[in-house]
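In numbering that gives the first Met the number 0, the protein residues as written are 0 to 550.
All C-beta atoms, glycine included, are put in the ideal place defined by N, C-alpha and C.
I have placed the structure first, in the form of structure tokens, so that the comments after it can refer back to it.
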Amino acid sequence: MPQIILGVDVGSYSVKVAEIVRSFNHFELRHFYERPIPYNDVLTPEESTTSALTGLVEEHGLHWDSLITAIPGQHVACREVFLPFGPKKVGQTIEFELENFLPFPIDEVSYDYYIVRGDKSSSEMLVAYVTKAELGKFLSTMQGGGMDPRRVGVEGAELVSLMHIGMVPPEGSYAMVDIGHSKTTLTICRGKQLAFMRTILIGGKHYTEAIANALHVPMDEAEKLKIEIGQLPVEGEEPILDDISKTVVKVMQELTNELVLQIRQTFFAHQDKNEEVVSGLYLSGGTSRIRGIDRYLSHRLKLNAIFLNCFDFHFCKIGQSDAHPQVVPMAMAIALRGVAPAGLPDLNFRKGDFAYKGNVQQLGGGIRRAVAALIVILVLAISYYALRSYTLNSSVDQLTKEIKQLVKQAIPTADDKSISNPSAALRFVKGKQNEVGERLQKLSGLLDRNVLNVLLEISSKLPPRNELSLNVDDMNFMDDGKIKLKGYTDSQESFNKIRDALMQSGLFRNVIGSAGPGTIKDTVAFDISFELKPTDGEAPEASSKENAPRR
0 MPQIILGVDV
10 GSYSVKVAEI
20 VRSFNHFELR
30 HFYERPIPYN
40 DVLTPEESTT
50 SALTGLVEEH
60 GLHWDSLITA
70 IPGQHVACRE
80 VFLPFGPKKV
90 GQTIEFELEN
100 FLPFPIDEVS
110 YDYYIVRGDK
120 SSSEMLVAYV
130 TKAELGKFLS
140 TMQGGGMDPR
150 RVGVEGAELV
160 SLMHIGMVPP
170 EGSYAMVDIG
180 HSKTTLTICR
190 GKQLAFMRTI
200 LIGGKHYTEA
210 IANALHVPMD
220 EAEKLKIEIG
230 QLPVEGEEPI
240 LDDISKTVVK
250 VMQELTNELV
260 LQIRQTFFAH
270 QDKNEEVVSG
280 LYLSGGTSRI
290 RGIDRYLSHR
300 LKLNAIFLNC
310 FDFHFCKIGQ
320 SDAHPQVVPM
330 AMAIALRGVA
340 PAGLPDLNFR
350 KGDFAYKGNV
360 QQLGGGIRRA
370 VAALIVILVL
380 AISYYALRSY
390 TLNSSVDQLT
400 KEIKQLVKQA
410 IPTADDKSIS
420 NPSAALRFVK
430 GKQNEVGERL
440 QKLSGLLDRN
450 VLNVLLEISS
460 KLPPRNELSL
470 NVDDMNFMDD
480 GKIKLKGYTD
490 SQESFNKIRD
500 ALMQSGLFRN
510 VIGSAGPGTI
520 KDTVAFDISF
530 ELKPTDGEAP
540 EASSKENAPR
550 R
């Protein structure tokens with residue numbers, strides 16, 4: 000059955016959503032939506048953003064199987080870290096290393112890291128971190144708009160998805176520059192690998208503010224001037240302009256020169272460290288629509304700057320769209336994370352206290368509805384016996400027929416033989432009630448064992464990141480007590496390692512798995528199911544022979 004994946008780009012001017020439909024061996028970008036954020040004096044910025052998200056969901060009737068987003072770059076810090084030992088020991092020491100340069104106590108931040116390269120004696124990595132207060136505020140904004148993201152990544156890292164799936168990357172080092180409303184996201188790649196990322200606090204609103212200050216006009220008028228007459232001519236090609244236009248162009252050139260300085264410093268630092276020159280850049284973002292900005296950046300940076308047009312990608316099936324192609328890339332890149340995550344930088348803030356709990360909540364809600372339905376059926380059955388002595392035989396037949404209909408509506412698997420008369424129907428319903436009671440007991444035991452403990456056990460048993468590529472798309476706690484994992488890895492051998500690692504856990508039993516070719520070349524899709532071993536005082540459900548791991 001096709002799966003709908005939404006990538007949500009939460010900007011400071013608007014919120015954007017890219018919708019990808021994925022089947023087993025195919026995917027398409029079907030829709031792109033954008034909605035400006037309605038700032039006003041009544042709502043806070045977060046409430047205004049929530050309003051825009053709610054409007055998108057309601058206006059377009061959005062629904063999804065997986066929703067992914069990235070926290071805006073101005074709230075995230077990124078730092079290069081070098082450690083004098085191999086990647087296997089990074090997880091044991093990274094927290095102590097972070098304490099040396101974090102401006103906050105370690106327990107007040109959420110962080111994740113990506114190993115750029117490493118060997119047995121050293122590791123080079125990028126560490127991204129955000130305060131827990133800021134992350135909590137962002138998640139509250141999303142959830143208030145009806146969106147509970149399965150994953151919260153980092154914008155600069157998500158852009159790499161475009162090169163993995165949508166394009167053939169150039170040789171050597173290159174950059175992707177997304178110029179938004181309040182900031183510019185700069186990502187440097189080496190082939191398909193992330194090398195560095197940073198956020199520069201220069202964006203479209205700063206151009207508007209500079210024009211408003213230079214001409215002493217309101218922000219609305221300055222925004223109009225920026226759009227209508229704003230341009231960035233290169234030296235020697237300046238057009239003949241009136242005084243107002245000259246002022247606008249001068250102000251925009253000065254601010255762009257400041258952006259160029261920040262980009263150039265980043266490129267020089269990359270060149271000094273890696274002895275590689277950044278040979279070109281791809282432009283995107285709403286503010287990259289300024290006339291002549293591509294030629295201006297090419298001239299000032301002495302390299303080729305071209306626009307990133309996602310509408311040219313082979314899987315883009317949007318057709319005619321009101322959206323400008325420069326606005327689409329970030330949301331599309333985030334959505335592509337849900338299609339083929341193998342090989343991408345795995346930076347995700349939804350873990351620990353902020354772990355995604357949607358699956359457990361959905362399962363609990365379904366069981367509550369089932370119990371409510373059974374209670375209604377029991378009440379109807381009891382009502383039948385209370386009324387039987389006061390009804391005629393014809394009424395009894397009619398009530399029997401109605402009870403059959405009600406039982407079949409509530410339990411479609413019921414056959415006529417099982418509910419041939421009210422007594423049989425009641426026995427059938429009680430049997431189903433006992434089944435649900437057993438499932439509730441299993442689920443209660445599972446939840447009491449602490450879902451986070453299960454996640455920690457899985458994380459501790461799986462092989463290190465440098466040994467294999469692993470992405471878990473879905474994790475479900477079933478009502479029969481089983482836990483199911485679905486995801487992708489890079490080979491059948493890696494799948495065997497994952498399955499065998501779970502078999503070695505003292506917490507799990509009955510580990511069963513299957514694997515096959517993934518939707519993307521060189522990936523293997525897998526399904527693994529297992530059960531929790533009984534705690535002290537619990538009786539095992541089957542003999543030890545039945546509980547032995549099956550390979």
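Check	Outcome
Contact check, Ala127 vs Cys77 under 8 Å by CB: the rounded distance?	5 Å
Kindly indicate which residue of Ser121, Pro44, Leu28 has the alpha-carbon position closest to the one of Ser11.	Pro44
Looking only at C-alpha atoms, which of Asp64, Pro37, Pro86 sits nearest to Leu467?	Pro86
Determine whether the beta carbon atoms of Val108 and Leu97 lie at a separation below 9 Å.	yes
Sort Tyr113, Ile4, Glu208, Gly72 by Cα distance to His62 and report the nearest one.	Ile4
Which class does Thr198 belong to by DSSP, given the choice of helix, strand or coil?	strand
Out of Val276, Gly235, Arg263, Asn212, point me to the one whose CA is closest to Val247's CA.	Asn212
Less than 9 Å separating the beta-carbons of Met196 and Glu208?	no
Measuring CB atoms only, is the region 134-145 touching the region 278-292, in the sense that at least three cross pairs come out at less than 8 Å?	no
I'd like to check one pair, Val327 with Ser283: are the Cβ atoms closer than 9 Å?	yes
For Thr68, count neighbouring C-beta atoms within 10 Å of its own C-beta (all shown protein chains included) and say buried if the count is 16 or more, exposed if not.	buried
Does the Cβ of Gln408 have 16 or more other Cβ atoms within 10 Å, making it buried, or fewer, making it exposed?	exposed
Pull the bridge partners of Pro35 from the DSSP assignment, please.	Ser13
Can you grab the Cα-Cα spacing for the pair Ser244 / Gly60, in whole Å?	44 Å
Tell me which same chain residues have a C-beta within less than 6 Å of the C-beta of Ile376, skipping the five on either side of it?	Ala409, Val428
By the 10 Å Cβ neighbour count, where 16 or more other Cβ atoms means buried, how is Pro35 classified, buried or exposed?	exposed
Could you give the uninterrupted runs of the beta strand (DSSP E) lying entirely in the region 35-84, keeping only those of 3 residues or more?	65-70, 76-82
Assuming Tyr113 and Leu346 are in contact, meaning their beta carbons sit under 8 Å apart, how far apart are those beta carbons, in whole angstroms?	6 Å
For Thr265, which option in Glu123, Gln192, Ser22, Glu79 has the closest C-alpha, if you only look at C-alpha atoms?	Glu79
Quick check for students: name the residue ranges of the alpha helix (DSSP H) that lie wholly in the region 302-334, counting only runs of 4 or more.	none
Using the beta-carbon count (16 or more within 10 Å), is Asp551 buried or exposed?	Any question about residue 551 goes unanswered here, given that the chain covers just 0 to 550.
Taking the beta strand (DSSP E) that Tyr112 belongs to, which residues open and close that run?	108-117
Mind checking who Thr184 pairs with in its DSSP beta bridge?	Asp177, Thr198
Within 8 Å, do at least three Cβ pairs link the region 149-156 to the region 252-259?	no
Which residues in the same chain have their Cβ closer than 7 Å to the Cβ of Ser504, if we skip the five residues on either side of it in sequence?	Glu456, Lys460
Among Val453, Phe137, Pro168, whose alpha-carbon lies nearest the alpha-carbon of Arg508?	Val453
As an exercise, report each continuous beta strand (DSSP E) stretch of at least 3 residues that is fully enclosed by the region 226-287, in chain order.	277-283
Cα separation between Lys272 and Arg116?	13 Å
Tell me Asp499's beta-bridge partners as DSSP assigns them.	Paired residues: none, contrary to the question.
On the three-state DSSP scale, how would you describe Asn465?	coil
Quick check: what's the CA-CA separation for Pro533 versus Ser139?	36 Å
Where Asp64 and Asp8 are concerned, what is the direct C-alpha to C-alpha distance, given to the nearest angstrom?	17 Å
Can you say whether Pro344 is buried or exposed, counting buried as having 16 or more other CB atoms within 10 angstroms of its CB?	buried
Would Leu506 and Gly486 qualify as a contact pair, given that the criterion is a beta-carbon distance under 9 Å?	no
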